[in-house]
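Add 1 to a position in the sequence shown, counting from 1, and you land on the number used in the numbering used here. Glycine included, every Cβ here is placed at the ideal spot set by N, Cα and C. Take a look at the structure below.
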Amino acid sequence: MKSPHWSPRSWREKPAQQLPTYPDPEKLAAVERQLSAQPPLVAASETRRLKTRLTEVCQGNAFLLQGGDCAESFGESSRESIRDNFQILAEMAKIVSKHRDLPVVQVGRVAGQFAKPRSSQLETRNGMTLPAYRGDLINRFEFTREGRTPDPQRMETAYAFSAAKLEVLRTFSDEFYTSHEALLLPYEEALTRREEDNSWYDGSAHMLWVGERTRQLDGAHIEFARGIENPIGLKCGPDLAADELLQLIEFLNPANEPGRLTLITRMGYQKISSKLPPLIRAVQSAGHRVIWCCDPMHGNTTVTANGYKTRAFGHVLEEAKRFFEIHHAEGSHGGGLHFELTGKDVTECTGGSPEIREEHLAEGLYETLCDPRLNARQALELATQLHEKI
Ligand code: PEP
Ligand code: CO
2 MKSPHWSPRS WREKPAQQLP TYPDPEKLAA VERQLSAQPP LVAASETRRL KTRLTEVCQG
62 NAFLLQGGDC AESFGESSRE SIRDNFQILA EMAKIVSKHR DLPVVQVGRV AGQFAKPRSS
122 QLETRNGMTL PAYRGDLINR FEFTREGRTP DPQRMETAYA FSAAKLEVLR TFSDEFYTSH
182 EALLLPYEEA LTRREEDNSW YDGSAHMLWV GERTRQLDGA HIEFARGIEN PIGLKCGPDL
242 AADELLQLIE FLNPANEPGR LTLITRMGYQ KISSKLPPLI RAVQSAGHRV IWCCDPMHGN
302 TTVTANGYKT RAFGHVLEEA KRFFEIHHAE GSHGGGLHFE LTGKDVTECT GGSPEIREEH
362 LAEGLYETLC DPRLNARQAL ELATQLHEKI
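In structure tokens:
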């Protein structure tokens with residue numbers, strides 16, 4: 002049972018990081034009311050089914066593969082792009098399950114991954130400074146004052162795009178799950194519904210995660226996440242101390258339910274060997290049942306001399322390999338992988354074969370609105386190189 006003090010809006014009493022300030026609060030309230038009257042995007046029964054599957058992952062009898070765009074955009078929602086991303090995840094899953102004989106639970110970063118936390122709140126270009134782009138759910142990429150002003154109407158557009166994408170995904174498979182970062186809390190709250198059993202489900206996606214920049218124990222995002230029944234992910238970066246992690250786990254999963262909580266570690270290839278083992282040991286000795294999932298992307302971002310954000314294939318592979326080696330050594334189940342990828346033939350991450358070099362980033366297809374994604378070939382190469390480690 003949840004603490005009696007939780008409600009879908011109790012996050013409003015806590016300090017919140019990374020939320021936009023809307024210039025017109027009345028327009029915001031009108032959009033929230035409008036969204037609250039819409040049906041949820043996913044059914045609670047599907048979310049419960051995902052939780053059952055994740056329980057198997059937690060017990061070491063299945064594997065979680067989570068991936069998709071860093072940021073979805075309203076401009077790219079064609080059936081082909083949805084299919085290409087879906088297929089690449091499905092092919093990676095096939096590679097993993099064939100070699101390890103483990104069922105793979107596929108969870109897309111899709112149909113809702115429209116909001117982005119930013120390290121810098123402002124962006125300067127050619128002497129002009131404007132608010133940073135925060136994802137299509139919040140403002141526009143276009144570098145104008147109007148474009149960068151948060152507009153609540155975009156939540157309704159995101160809802161409509163997400164519904165349309167889900168329709169397409171359902172034609173590909175009847176067991177496919179969606180996830181995104183639970184960042185824009187007014188949107189998440191507006192889509193949260195009480196089910197017959199009196200528990201609350203966020204109907205915006207099957208699984209939600211709390212990002213590295215918003216996981217403060219006493220913050221709004223953790224407050225929101227603790228009260229919904231959906232499976233929850235928690236990003237764990239290199240600065241997360243073991244005792245803080247234990248408190249977060251107790252708060253997010255007080256009943257120690259397997260399948261409820263996935264720790265998505267994103268340490269960086271240079272830090273994982275020193276940072277991950279103490280967390281695993283602390284969780285083991287406290288007896289917490291969690292899924293361990295490796296995000297080898299977000300700790301390995303670099304910027305090239307000519308200003309492109311990129312990630313080296315070799316670093317991504319290295320972090321993921323070490324993740325499995327460490328879990329094996331600690332007697333723990335490295336239960337999942339989390340990637341930013343696309344089925345398109347982009348040149349955003351360096352390395353792989355044929356090798357993408359830094360100079361290719363400017364020449365090729367660099368399309369991401371946020372972080373660099375693995376292209377289809379790089380994603381499959383990773384799965385092939387990793388399956389023996391899992
Ligand atoms: C993300 O997954 O897109 C992200 C921003 O990750 P993190 O919170 O781990 O930095
Ligand atoms: Co990202």
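- Secondary structure note for residue 57: its alpha helix (DSSP H) is the uninterrupted segment 45-59.
- For residue 233, the secondary structure class from DSSP, reduced to helix, strand or coil, is strand.
- Taking C-beta separations shorter than 7 angstroms and ignoring five residues to either side along the sequence, the partners of residue 278 in its chain run 327 and 331, following chain order.
- Under the three-state reduction of DSSP output, residue 348 falls in the coil class, being neither helix nor strand.
- Contact between the segment 84-93 and the segment 367-386 is present: 3 or more CB-CB pairs across the two stretches fall below 8 angstroms.
- Under the Cβ criterion (8 angstroms, minimum of three pairs), the segment 203-220 does not count as touching the segment 24-31.
- The residues 218, in chain order, have a CB closer than 6 angstroms to that of residue 248 in the same chain once the five nearest residues on each side in sequence are set aside.
- Looking from the CA of residue 289, the closest CA among 312, 298, 275 and 259 belongs to 259.
- Not one heavy atom of the ligand PEP falls within 7 angstroms of the beta-carbon of residue 350.
- Set against 7 angstroms, the gap from the CB of residue 372 to the closest heavy atom of the ligand CO is smaller.
- For residue 135, the distance from the CB to the nearest heavy atom of the ligand PEP is not below 7 angstroms.
- The C-alpha of residue 272 is placed about 25 angstroms away from the C-alpha of residue 376.
- With a threshold of 7 angstroms, the Cβ atom of residue 299 counts as near the ligand CO, since some heavy atom of the ligand is closer than that.
- Residue burial is scored here from C-beta neighbours: residue 118 has at least 16 other C-beta atoms within 10 angstroms and is therefore classed as buried.
- Within its own chain, the residues whose Cβ lies closer than 7 angstroms to the Cβ of residue 146, once the five positions on either side in sequence are excluded, are 131, listed in chain order.
- Closer than 7 angstroms to some heavy atom of the ligand CO: that does not describe the Cβ of residue 382.
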